[in-house]
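Engineer: Sharing a structure here in structure tokens format.
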Amino acid sequence: MSLDEDLAAAAEDELARALTLGWRQLVEVTPWGDTFEGTTPGGRDACFERAYMWDTEAGGDIRVEVTVYEPRAYESGVRRAATIVRDGSAE
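To convert a position in the sequence shown, counted from 1, into the numbering used here, add 9.
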């Protein structure tokens, strides 16, 4: 698996996990973000960055962004994003 494929797989998995939290769970803590170290599906060390922010206005839809990158190589990372709409569904 290439580096790009590995980072993309990790980002897609992390985004899926991030979307398991619903709007009601996130409304009290948005905006919020965190970065942690982990391992990609291919076994590479990577940094996982997750951020929840208001999509357009406070109290509305929540945008979820995930970036996965090798340590010290943020610019070469892979970013995935989705929106948790106020009615509780994800786009």
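Cβ coordinates follow ideal geometry from the N, Cα and C atoms, glycine included.
When the Cα of T76 is compared with those of S85, D70, G69, which residue comes out closest?
Structural biologist: Looking up residue 76 in the sequence shown gives position 67. Among S85, D70, G69, the Cα nearest to that of T76 belongs to S85.
Engineer: Is there contact here, the stretch 79–96 with the stretch 14–23, by at least three beta-carbon pairs under 8 Å?
Structural biologist: Touching, yes.
Engineer: Along the chain, where does the alpha helix (DSSP H) that runs through R26 open and close?
Structural biologist: The residue you call residue 26 lines up with position 17 of the sequence shown. 12–27 is the span of the alpha helix (DSSP H), which, as asked, contains R26.
Engineer: When the distance is taken between beta carbons, is A55 closer than 8 Å to G47?
Structural biologist: One-based indexing of the sequence shown puts residue 47 at position 38. One-based indexing of the sequence shown puts residue 55 at position 46. In this structure, A55 lies closer than 8 Å to G47 by Cβ.
Engineer: With a threshold of 16 other CB atoms inside 10 Å of the CB of E58, please say whether the residue is buried or exposed.
Structural biologist: Taking the sequence shown and counting its residues from 1, the one referred to as residue 58 is at position 49. By the 10 Å Cβ count, E58 comes out buried.
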